[in-house]
């Protein structure tokens with residue numbers, strides 16, 4: 021049933037683009053009730069201006085300034101407004117199409133006047149479910165545009181650094197700003213990985229304790245799906261950073277390449293942890309199946325021992341239950357008590373034998 025739903029969902033999403041002209045803006049996300057908002061930071065080393073742009077046309081005023089501008093757009097459902105911003109900054113129609121297509125694989129495209137990067141921002145919601153939100157970044161000469169589905173992200177520390185002029189962010193160009201945004205997303209991957217590690221440890225301890233709940237199989241499967249989702253979101257980003265590091269784009273200066281190389285190192289570390297946790301999940305599955313098998317073996321062992329004990333007792337009772345007329349013991353006055361004592365003695369002897377063999 022779940023597979024059918026997923027297949028139906030993917031089919032519905034793909035049908036949205038069937039027969040459409042390339043460059044047609046069709047929002048494929050779920051957050052359709054979110055408002056549209058344009059947040060703007062325009063800064064130099066000595067000055068910063070923070071504002072919310074009420075008119076989209078005002079965004080064009082920051083395109084050719086000597087300062088560095090970060091324009092953050094929330095609300096991809098409003099495709100007409102996204103298209104207006106694209107016209108102001110001369111963005112290719114296919115770029116705009118990819119921005120509103122939230123199922124886009126992380127990638128990087130190089131254009132003459134800008135770089136276009138798609139990556140995934142990961143975080144946990146209130147119910148501890150992983151949320152994967154697409155973030156599109158456009159790097160121009162003196163500006164960075166970011167597009168998100170809704171308000172709320174992992175860029176709070178960057179906003180504070182811009183306001184307080186902490187670090188080198190206010191003194192460098194837009195390429196460093198894009199580095200800082202990507203670095204904030206990658207740093208949040210570590211918290212996701214750490215939480216996944218805690219979940220795996222909890223399941224492992226539960227399985228080893230022997231008090232595993234019946235629904236632990238579903239929990240292991242859910243955790244495996246989470247790790248696969250994280251892996252699909254993170255692994256392509258290594259290629260993106262590698263292309264930035266080895267590329268020769270005029271908007272990315274050599275002094276910033278070292279910082280991008282540091283992101284690549286972090287991604288390698290995250291990827292290795294994901295691979296380790298993936299192996300651990302498979303081990304948990306094997307451990308769960310082994311636990312179930314051991315429980316079944318314990319039950320079968322007890323039942324086998326009970327049956328083995330009663331086989332000779334049943335044999336004796338069967339002999340003296342045949343009701344033949346000429347059986348000497350039938351007329352013996354204490355025959356019943358002797359036979360009953362013999363059965364009890366055999367029962368105790370077999371228990372002692374099983375204990376010595378450590379079968380009990």
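In the numbering used here, the protein residues as written are 21 to 380. Beta carbons are placed, not taken as given, at the ideal position from N, Cα and C, and that holds for glycine.
Asked	Found
Rounded separation between residue 343 and residue 366 - CA only	23 Å
Inter-residue CB distance, residue 243 and residue 223 (contact presumed, cutoff 8 Å)	7 Å
Beta-carbon gap between residue 198 and residue 157 smaller than 8 Å	yes
Among 211, 174, 105, nearest to residue 202 - alpha-carbon criterion	174
For residue 90, the three-state DSSP class (helix, strand or coil)	strand
Neighbourhood of residue 138 by C-beta distance below 7 Å, restricted to the same chain and skipping five residues each side	118, 124, 126, 127, 154, 156
Cross-strand partners of residue 154 (DSSP beta bridge)	140
Touching by the beta-carbon criterion (3+ pairs, under 8 Å), the region 209–227 and the region 265–273	no
Inter-stretch contact at 8 Å, needing at least 3 Cβ pairs: the region 280–290 / the region 245–264	yes
Whole-angstrom distance between residue 258 and residue 86, CA atom to CA atom	32 Å
Cα-Cα separation, residue 75 to residue 165	16 Å
Residue 238 classed as buried or exposed, judged by whether at least 16 other C-beta atoms fall within 10 angstroms	exposed
Cβ contact (3+ pairs, closer than 8 Å) linking the region 294–303 and the region 271–284	no
Three-state class that DSSP yields for residue 62 in the structure shown	strand
For residue 229 and residue 129, the rounded distance between their alpha carbons	51 Å
Assigned secondary structure, residue 289 (DSSP; H/G/I helix, E/B strand, else coil)	helix
Counted within 10 angstroms of its Cβ, other Cβ atoms place residue 90 as buried (16 or more) or exposed	buried
Continuous beta strand (DSSP E) stretch holding residue 164: start and end	163–168
Same chain, Cβ closer than 8 Å to residue 189, neighbours up to 5 away in sequence not counted	178, 181, 182, 196, 197, 200
N- and C-terminal bounds of the alpha helix (DSSP H) containing residue 194	194–229
Beta bridge counterpart(s) of residue 71 as assigned by DSSP	60
Residue 322 in three-state terms, based on DSSP	helix
Minimum C-alpha distance to residue 194 - residue among 220, 275, 149, 240	275
Proximity winner among 69, 56, 82, 116, relative to residue 45 (alpha-carbon distances)	116
Every unbroken alpha helix (DSSP H) within the region 97–151, with a cutoff of 4 residues, ordered by chain	99–108, 113–120
Residue 113 versus residue 310 - alpha carbon distance	55 Å
Residues near residue 79 in its chain [Cβ-Cβ closer than 8 Å; skip 5 each side]	58, 60, 73, 91, 105, 108, 109
Reduced DSSP secondary structure (H/G/I, E/B, other) of residue 45	coil
C-beta atoms of residue 54 and residue 147 nearer than 8 Å	no
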